RNA sequence: GUGGGUGUAGCUCAGCUGGUAGAGCAUCGGCUUGUGGUGCCGAGGGUCGCGGGUUCAAGCCCCGUCACUCACCCCA
């Protein structure tokens, strides 16, 4: 052991940064609950077979092992969850008899992935997830509702603008099948790389890997290029001349989703149909979401979709739809670039100054009175010169310093940002609401 | 797992063809007998990532190793 160094992929924040993260989490939680979603926390570990069964994603899971195990096999068969949806499916099956459906739940929890870290990709991170789970069936309105909740959640946060791209798996699967592709799954996978390898790269791979001819490839690329903020995109899809029942179904759903989501659009949150996104080869069966935030680059910060058969006990299936927001993925890059921070490093709104050590009981009394009314307060650690005590507050971002009065002199409180100081009564004075808690502070970003 | 880049003070970094370690910012103290931020003066702070090798002498050259970082793979 030589020196303590940061551990790659396991971000840690400074106090003010954590305050900003907490403010974000509090805001998300408030929005989710405002929409009637109940908090539901699942354990950090799942049996490996549970984790690996959904989609053939192999490795990248952190496995639990007991160091003290003396007998050869130390494998517990448990791994840390890598998202919140797979544990939810397991939880729903396990507790199906005790739950009310449709189940509306949210979770804000840590997840772990063993992959190589990069900017915006971490090994330990926090996700905020909302889901609606039905029993045997789930109305399409649920797809619209999770969109609405995420729109509300993101719109009220001071973050760079987010665009939520929506597509539908039935639509693209039906389209590819309808144009004669033998293996639509491969086509989906290849087209999903459009951003990375470009149209020419996709063209080559569609021919070699999916066995499509030029005409078919043209149709695939044409579909992938369709986007739209209103339902007019549907005409462009039909104009391509492909037909298939699944395509019709998916197109109808996507049109509904876009039409319903249009009113949620704000300056900070746009919704757009984008027929290229597919979200991997996993359990999604209908609507798929991908939210992108424009900062330095254009990064995916939320994802989700409809999964009709993720949870099933053989007799009953529990279809669901959900969206996850990558809290760490949103915040860590912004914080790291100094674009976002908390307004202070402590919860305290007020520092009670200490004229002399003898005044400590009196200062404590002032603090008690303020706390009683919900105003976070701390007492200066030592009776230093007032200048030092003000500096103590300033360094931490505490906006107010309280000066206990003396015989014939009233208490006073000073806003150290403006310098304004007024006489005040600890049982009556109250700071503006905005000063009660640490705020999220953002520096110039591209909106 | 593959490939590139980088490791020197708390932070950002300089350090010449090898000659015994520096700046700015930050911190602490003083000017300032209790109301801060600016200014001036001063101080503290370093296993030069780690291990080995070459050399009279290594932050610098060589080998190894670890960590961080960017990209690829992957992205549930």
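Residue numbers (the numbering used here): 1 to 447.
Glycine included, every Cβ here is placed at the ideal spot set by N, Cα and C.
This one's a predicted model, so the numbers in the text were calculated from it and none came from an experiment.
Judged by DSSP in its simplified three-state form, residue 377 adopts strand.
Nearest in C-alpha terms to residue 61, of all of 115, 97, 9, is 115. Its Cα nearest to that of residue 341, the residue 441 stands out among 193, 441, 231, 215.
By the criterion of at least three beta-carbon pairs nearer than 8 Å, the segment 221 to 231 is not in contact with the segment 140 to 153. DSSP places residue 4 outside both helix and strand once states are collapsed to three, so it counts as coil.
Residue 402 is bridged by DSSP to 352, 413.
Residue 302 has 291, 325 as its beta-bridge partners, per DSSP.
Unbroken alpha helix (DSSP H) runs of no fewer than 4 residues, entirely contained in the segment 169 to 209, are found at 169 to 178, 184 to 191, 194 to 208, following chain order. Sixteen is the threshold: since fewer than 16 other Cβ atoms of the shown chains lie within 10 Å of the Cβ of residue 67, the residue is exposed.
The secondary-structure analysis by DSSP pairs residue 365 with nothing; it has no beta-bridge partner. Non-local C-beta neighbours of residue 375 in its own chain, meaning closer than 8 Å and more than five positions away in sequence, comprise 349, 350, 430, 431, 436, ordered along the chain. Contact between residue 102 and residue 134 is confirmed by a C-beta separation of about 5 Å, below the 8 Å threshold. The beta carbon of residue 424 is closer than 7 Å to those of 411, 412, 413 in its chain, skipping five residues each way along the sequence. In the structure shown, residue 253 adopts helical secondary structure according to DSSP, grouped into three states. The secondary-structure analysis by DSSP pairs residue 422 across a beta bridge with 413.
Around residue 217, the same chain offers 203, 206, 207 as residues with beta carbons nearer than 7 Å, after the five sequence neighbours per side are excluded. DSSP places residue 442 in the uninterrupted beta strand (DSSP E) bounded by 440 to 442. Annotated three-state conformation of residue 383 is coil, per DSSP. Three or more beta-carbon pairs drawn from the segment 327 to 342 and the segment 294 to 311 are found closer than 8 Å, and the two stretches are therefore classed as touching. Taking the CA atoms as reference points, residue 383 sits about 55 Å from residue 86. The closest CA to that of residue 313, considering only 396, 94, 130, is found on 94.
By the criterion of at least three beta-carbon pairs nearer than 8 Å, the segment 247 to 256 is in contact with the segment 170 to 177.
Bridge pairing for residue 311: 318 [DSSP]. DSSP lists no bridge partner for residue 82.
Taking one beta carbon from each stretch, the segment 322 to 330 and the segment 378 to 393 have fewer than 3 pairs nearer than 8 Å; the two do not touch. Scanning its chain for C-beta atoms nearer than 6 Å, with the 5 sequence neighbours on each side dropped, one finds around residue 174 the residues 244, 246, 247, 250, in chain order. Here residue 16 is buried. Its C-beta has 16 or more other C-beta atoms within 10 Å.
Pairing residue 183 with residue 211 gives a Cβ-Cβ distance under 9 Å. The straight-line gap separating the alpha-carbon atoms of residue 354 and residue 104 is approximately 51 Å. Here residue 266 carries a coil assignment [DSSP, helix/strand/coil]. In this structure, residue 305 lies near residue 286, with their beta-carbon atoms less than 9 Å apart.
Residues of the same chain with a CB within less than 6 Å of the CB of residue 278, apart from the 5 flanking positions on each side, are 188, 192 in chain order. Between residue 421 and residue 427, the gap from beta carbon to beta carbon reaches 9 Å or more. The beta carbons of residue 254 and residue 273 sit closer together than 9 Å. Residue 155 sits away from residue 32, with the two beta carbons spaced by 9 Å or more. Under the 10 Å beta carbon count, residue 399 is surrounded by 16 or more other beta carbons and is classified as buried.
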